[in-house]
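Okay, so here's the structure we're looking at.
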Amino acid sequence: MRPGTLSKQYKDPAGKRGAYYQLSFTHKVKSRTEYIRPSFVDETRQLVKTYKEFKKLVELWVGLSIEHSRLKAHLAIRDKSK
């Protein structure tokens, strides 16, 4: 898994010549950029996609965990008042 965004850059953007790939990401509050060799672009693209899916699932899990905790507390309060 790799965080970040993989993008194609050009040494000459107007003529679209000299293409290269870079991976931009933030880790431990620092922005970083790594250059990716063309032979690793497909693998890196898949790693970035996997990381994004992982982050979505973690966000969903945290939301469900918060909801579960609130419901549990609500049920405990309700049961005590009976």
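Each residue of the sequence shown is one higher than the one before, counting from 1 in this note's numbering.
Backbone N, C-alpha and C define an ideal beta-carbon position, used for all residues, glycine too.
Here the structure is a predicted model, which means the values were calculated and not measured.
The closest CA to that of Y10, considering only Y35, V29, L60, K52, is found on Y35.
Annotated three-state conformation of K49 is helix, per DSSP.
The Cβ atoms of R45 and L6 sit closer than 8 Å to each other. With fewer than 16 other Cβ atoms from the protein chains shown falling within 10 Å of its own Cβ, L57 counts as exposed. Per DSSP, reduced to three states, the secondary structure at R2 is coil, with no helix or strand assignment. Partner residues in the beta bridge of I36, as assigned by DSSP, are Y21.
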